[in-house]
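Let me begin by presenting the structure, written as structure tokens, before commenting on it.
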Amino acid sequence: MTTVPPEPSRFDPAAADPRWQRVWDERQSFRADDASNKPRSYVLEMFPYPSGRIHIGHVRNYTMGDVLARTKRMQGHEVLHPMGWDAFGMPAENAAMEQGVHPGGWTRANIATMKAQLKRLGFALDWSRELATCEPDYYGHEQALFLDLYAAGLVTRKESAVNWDPVDMTVLANEQVIDGRGWRSGALVEKRKLSQWFLKITDFAEELLEGLDSLDKWPEKVRLMQENWIGKSQGVEFAFAPLAPLETPIEVYSTRPDTIFGASFVAIAADHPIAQELARTSPEAAAFIAQCKRGGTTAAELETAEKLGFDTGFEVLHPFDSECTLPVYIANFVLMEYGTGAVMGVPGHDQRDFDFASKYGLKITRVVAPSLAEADKPLADGADSGDGVCVNSRFLDGMTVEAATAEVIARAEREGWGKGKTVWRLRDWGVSRQRYWGTPIPFIHCDTCGVVPAPKDQLPVVLPEDVDFKTPGNPLERHPSWKHVACPDCGRAAVRETDTLDTFVNSSWYFLRFASQPVGQPFDRAAIAKWLPVEQYIGGIEHAILHLLYARFWTRALNRIGLIDVKEPFASLFTQGMVTHMTYVGPDGKWLAPAEVKDKLGSIVTVKGELPVKLGRIEKMSKSKKNTVDPDDIIVKHGADTVRWFMLSDSPPERDLPWSEAGIEGCARFVQRLWRLFGQFDAGATGEDKALDRKRDQSVAAAADDIAALGFNKAVARVYELTSAIEKAAPSASRSVAIRTLLLLVAPMMPHLAEEAWASMGEGLIADAAWPTVDPALLVEDEVTVAVQVKGKLRDTLTVPKGTPREELEALALASDKVQRALAGAEIRKVIVVPDRLVNLVA
RNA sequence: GCGGACGUGGCGGAAUGGUAGACGCCGGGGACUUAAAAUCCCCUGAUCCUCGAUCGUGCGGGUUCGAGUCCCGCCGUCCGCACCA
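Each position in the first sequence, counted from 1, maps to that position plus 3 in the working numbering.
Here it is in structure tokens:
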């Protein structure tokens, strides 16, 4: 094999990248020391699902975390920056069904591939802590934690209507149903009654909600989304007394008890017991209920769905007025799952009730008005949901909405027909999945003893290897021997639970396992106290609810049962934007890959045949749109540092980053430009360049601030500025110091180039070097440019020593020809001077 | 319907209420070269143009000596939630 010696004036990533990656590996440069006395930083990016290959979104995510981790390290922190694999999940089983491979083999091969890809990007990861959730060494501990939660009463098993995905043939959590469809399969979700395992996340509704207030370093958007998801609503639950022939009272829930005198009907859900009972004797009612169930549940269908009702003929009594009776309707807009499955209809102050009452000719009364005087203001345009005082409401008249609400609740409780109640939108988390490739739920079903937890000394309950995927459904259920065990209590023949845990359980505690991996237990409490909470967590906004809410819940649950001390897992959260790319549509209307098109005289044509190509939208990279770029290809072409630099440049990290070929080439040019500049380092140079010294330290200070705030695009701009300034400067000792400093500054972003240049200067590993210190005196300019405005418009600028007194600035401003011309002899009425910034002459 | 974010050159984007457009990409001109690549220098918001001037941050108002930034009202784009009582 012959090797071509690299051109010395060019940086050769093909040779340098693997060389330095090997050095970091051998020296274990990024291994976190649990015993360190340095300040600690736990930097974490959401671990990937091993789908096959790293995609560009991963590269962006991990590059950001890496720059932060490397910078923190240089700044003297003991950094924990681990990586692992969210390795259970449906795609592995799909691959098993489609390709006849074993999910474990498929997953582990993908992990090997993706790990090699991550290594090629030079991430400063502590690989000694690598974990994969599909290994018994991980999920066995998860089973133990699940049993602990069970012992504490936080795991329940109950029969319930569940979301059944008919394509994936499994149950889905509410969070996994999007617009009535499975989040993975896209199939219309059906309702089924099954015995399921649940985690009692609703026990934590209040603290998960209140905890959001302490997460001041989380995006407001994510906190709001979680708040809405938890959905706290305060109101009153009370009963309407029945009139014969109706026998049972109707319990309703309302957040507006102040409007109780405006109630003109009661509506119950189609699934409500009274409706179901009526359907047995009334074919009309049965037909209506059937009609309700046919209605779609997608957003669009709900938007246009008409409010439909069925008059049961029953009547109930108003709690405050024995003269007043209300008709009972079955209505298609009332949900059995929320509140009591029955509502009081107040058409005057609820648009939905208004529509319903208008349609069925029910009474519409105003009971809240801006003032008592406006009690009879007509409700022409629909319901009035505004604030105000109660009217037409007897003893409530004149009270504010708030006071009236309190009064009604007080009376209901005193008189015993209702009570104040908080209702949550959040449901318990159903975690049973009828799948093979997940954590086996460690329980045993015994005909004699019932549901018995697997003894802890028998953990892990390991998945069987010999399974077949030729028929749909759960392979664990079909396996000939796996499920048959002796009951741990009575010893008689029993069967294992064949459901596995939702994969979101796996990702709900992995950040704890990274902090320590003791053999016999899930984690070491002291190590968690040292490292947690994660200082900076980085990942996609798509996990704003699911993963982040579940992880918060697990952390709080483990805290409550006394296993850990931390309550919130992630102190600071950053949600990064997607990598997008132009899409191309060929003459046949099919998507074209970027490599299949080219630019010909300003218009885009196909490479083959030069046929015209239509430009689509700039969208998230996806295989179906063919607008993807493979990270490996770019690494081979340009080297890891170029890819990393591109990921950090231009777009603010929270926004989308449009991929462009021109952009990556610009980055590649800049890598070489830096390399040339680093080659100009001259240890023996003499002479001082004060301006460059100042620029150097200002750049370092600003870039440090930018990186700390995750403003990587701004840090990149500082690097460009300093680079240009050094290039323009004449040789001097200052210039050499500036080159050396620039090298340290780019080290977290372009670690391979930095190591190579650092070594050529005769230094050790730049990975072990310290962040450059700055002279605070140099951060302050001694000369400033002051703007001179006339009536707020810029007319001139003055360059003056910093701290020039106001009077002098004013005099200098008045002495300017341009200012005099702009003034044109007008009399000055007022002068605003902001020292070191501007003078504004108001004429 | 409810909630939120955003709107700045050809493009990605900078800008503690104080010189709008930093930095990068694209484009144009030039230098070097037999030539090209690579590299370097200059220009690059619009209009009128010699200096210079006028306009300019989605639209309309307002607060202020001064607004991309704050307030009110629109328009548009994107995201989340949704018969939630």
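Virtual Cβ for every residue (Gly too), placed ideally from N, Cα, C.
Test item: CB-CB of residue i and residue j under 8 Å
i: residue 688; j: residue 736; result: yes
i: residue 729; j: residue 680; result: yes
i: residue 833; j: residue 798; result: no
i: residue 266; j: residue 364; result: no
i: residue 395; j: residue 378; result: yes
i: residue 794; j: residue 846; result: yes
i: residue 588; j: residue 612; result: no
i: residue 434; j: residue 662; result: no
i: residue 699; j: residue 725; result: yes
i: residue 112; j: residue 106; result: no
i: residue 372; j: residue 391; result: yes
i: residue 445; j: residue 464; result: yes
i: residue 584; j: residue 537; result: no
i: residue 63; j: residue 639; result: no
i: residue 778; j: residue 804; result: no
i: residue 586; j: residue 569; result: no
i: residue 472; j: residue 96; result: yes
i: residue 468; j: residue 501; result: no
i: residue 253; j: residue 331; result: yes
i: residue 842; j: residue 792; result: yes
i: residue 578; j: residue 547; result: yes
i: residue 352; j: residue 262; result: yes
Residues sharing a beta bridge with residue i, DSSP
i: residue 456; result: 446
i: residue 802; result: 788
i: residue 708; result: Looking at the DSSP assignment, residue 708 forms no beta bridge with any residue, so it has no partner.
i: residue 253; result: 243
i: residue 842; result: 791 and 836
i: residue 183; result: Paired residue(s): none; residue 183 is not in a bridge.
i: residue 238; result: 424
i: residue 513; result: In DSSP, residue 513 forms no bridge with anything.
i: residue 43; result: 81
i: residue 134; result: 87
Delimiting residues of the alpha helix (DSSP H) encompassing residue i
i: residue 820; result: 820-826
i: residue 719; result: 715-731
i: residue 579; result: Taken as a continuous stretch (DSSP letters only), residue 579 belongs to no alpha helix (DSSP H), being part of the beta strand (DSSP E) at 576-579.
i: residue 75; result: 59-77
i: residue 113; result: 106-123
i: residue 272; result: It is not in any alpha helix (DSSP H) - residue 272 carries neither H nor E in the DSSP assignment.
i: residue 667; result: 664-681
i: residue 179; result: No alpha helix (DSSP H) contains residue 179, which DSSP labels as neither H nor E.
i: residue 542; result: Here residue 542 belongs to no alpha helix (DSSP H); instead the beta strand (DSSP E) covers 539-543.
i: residue 232; result: 223-233
i: residue 199; result: Residue 199 -> not in any alpha helix (DSSP H); beta strand (DSSP E) instead, spanning 193-202.
i: residue 141; result: 139-154
i: residue 99; result: 93-102
i: residue 480; result: 478-481
i: residue 813; result: 809-817
i: residue 28; result: 16-30
CB-CB length for residue i against residue j, believed under 8 Å
i: residue 221; j: residue 429; result: Contact doesn't hold; Cβ gap of about 18 Å is too wide.
i: residue 716; j: residue 654; result: 6 Å
i: residue 14; j: residue 674; result: 6 Å
i: residue 427; j: residue 208; result: 5 Å
i: residue 290; j: residue 421; result: So it is not a contact: roughly 33 Å between Cβ atoms.
i: residue 173; j: residue 710; result: The Cβ separation is near 43 Å, so there is no contact.
i: residue 572; j: residue 535; result: 7 Å
i: residue 147; j: residue 564; result: Actually they are not in contact, since the Cβ atoms of residue 147 and residue 564 sit about 12 Å apart, beyond 8 Å.
i: residue 488; j: residue 439; result: Rounded, the Cβ-Cβ distance is 18 Å, inconsistent with contact.
Residue i - containing beta strand (DSSP E), residue span
i: residue 487; result: 487-489
i: residue 830; result: That residue, residue 830, is in no beta strand (DSSP E); it is neither H nor E in DSSP.
i: residue 495; result: Careful: residue 495 lies outside any beta strand (DSSP E) and carries neither H nor E.
i: residue 166; result: 158-168
i: residue 573; result: Careful: residue 573 lies outside any beta strand (DSSP E) and carries neither H nor E.
Handout entry: Secondary structure, beta strand (DSSP E): runs of 3+ residues fully inside the region 583-662
Key = 600-603, 606-609 and 617-623
Practice task
Would you mind listing the alpha helix (DSSP H) stretches within the region 313-367 that are 4+ residues and don't spill past its ends, in chain order?
Solution key: 354-363
Exercise for the section: With a floor of 3 residues, list each beta strand (DSSP E) that falls wholly inside the region 388-455, ordered by position along the chain. Expected result: 421-427 and 446-449
Practice task
Taking only runs that begin and end inside the region 726-773, name each unbroken alpha helix (DSSP H) of 4 or more residues, in chain order.
Solution key: 736-749 and 754-763
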